[in-house]
Amino acid sequence: MAFRRGRREREAVAQPFPDAWRARLAVRWATWSALDATERATVEDLTKRFLARVRFEPSQGFAVTDEMRVLVAAQASYLVMGMDDPTLDLYSRLTSVILHPRTVVVRGTHSVGRHLETDSPQALAGQAHHRGPVVLAWSTVAYEARHPERGQNVVLHEFAHQLDMFDGMIDGTPPIADRELRERWVRVCTAEYRRVRRGDESVLRGYAATDTGEFFAVATETFFSVPERLEEASPELYDVLREVFGQDPAARARRRTD
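Anchor point for the sequence shown: position 195 equals 194 in numbering that gives the first Met the number 0, and the numbering is continuous, going up by one each time.
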């Protein structure tokens, strides 16, 4: 099984990235135009590998198209492209991506951040499972990919959870090999998480106060979606995220506007 999967991935990576996929990313994903040629090539290679490895499953009779698969895979690949993971081992525990046409309404008590809970129906746009699937609402995926200025991105959010779950724990810490960086990560994120829990002013949305896992996921989507705002409001948090992800999206955004 592993041999067949490896061969399938090698064959997929050897194929050229389809022009049609590239054209759809240019239309559907605002970040694509900000990437330089090297970054795009990296995302393309990782996207091909992702699609060869991860199956996409429709829900409620929904028809999943290549465009949908590519948009999800490209953003998941973008998230880790600077983390020295050329074979996507960080997603090795992911079984599949389940796409719903729109948000799913769930009932029951759930957190809304900052010590608050509600039993009102909640529209669920995404959910990640350890050693299981990532569930996404296509309507939200499509909208947020085009509008990073909102500071939210369900694909980045849920795949940040996948990184957090890599070691089997959901504690808001992704895989960090360097000991000093890991210690700084814990120190900076603990301080920022406490500020969010207190209700201090923050560029992070209130859902970050739910727990440390949600803090990391919200910080991740904020870092990639509105990096300049995060860098200005929380420079220490921005800097440690920059080192962990091996990317500087604020510098990329400034380069785009120069």
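Don't be surprised by glycine CBs; every beta carbon is placed ideally from N, CA and C.
| Got a sec: does the ligand NAP put a non-hydrogen atom nearer than 7 Å to the Cβ of P57? | Summarising the ligand content, the structure contains no ligands, and the ligand NAP is consequently not present.
| query | When burial is assigned at 16 or more other CB atoms within 10 Å of the CB, is E191 buried or exposed? | reply | buried
| message | Using a Cβ-Cβ cutoff of less than 6 Å, which residues in the same chain neighbour Q246 once the five nearest sequence positions on both sides are dropped? | response | Result list for Q246: G81, in chain order.
| request: Following the continuous beta strand (DSSP E) through G125, name the residue where it begins and the one where it ends. | output: 125–127
| request: Check H146 in the structure and name its three-state DSSP category. | output: In the structure shown, H146 adopts coil according to DSSP, grouped into three states.
| request: Answer yes if the stretch 175–194 comes into contact with the stretch 95–103, meaning at least three C-beta pairs across the two stretches below 8 Å, and no otherwise. | output: no
| query | Which class does R130 belong to by DSSP, given the choice of helix, strand or coil? | reply | coil
| task | Provide the residue span of the beta strand (DSSP E) that contains F339, from first to last. | result | The displayed coordinates of the chain run from 0 to 257. Any statement about residue 339 would go beyond what the structure contains.
| task | Measure the CB-CB distance between A218 and W28 and report whether it falls below 8 Å. | result | The answer is no: Cβ separation not under 8 Å.
| Whose CA, out of R48, L155, R197, lies closest to the CA of Q126? | L155
| Can you name, in chain order, every residue of its own chain whose Cβ lies under 7 Å from the Cβ of V93, other than the five neighbours on each side? | Correcting the residue type first, residue 93 is Leu in the shown sequence and not Val. Result list for L93: V53, V133, Q161, in chain order.
| Thinking C-alpha only, which one of T64, R23, L236 is nearest L203? | L236
| Who are the near neighbours of G150 in its chain, counting only those whose CB is closer than 8 Å to its CB and skipping five residues on each side? | Correct list, in chain order: V202, R204, E220, T221, S224, V225, R228.
| field | Pairwise C-alpha distance: F165 and L89 | value | 7 Å
| message | By DSSP's criteria, S95 is part of a beta bridge. Which residues make up the other side? | response | R54
| query | Assuming V153 and A176 make a contact with CB atoms under 8 Å, what is their CB distance in whole Å? | reply | 28 Å between Cβ atoms; not a contact.
| Host alpha helix (DSSP H) of M67 (start-end) | 65–79
| said: Whole angstroms are fine: how far does the CA of V96 sit from the CA of E66? | reply: 14 Å
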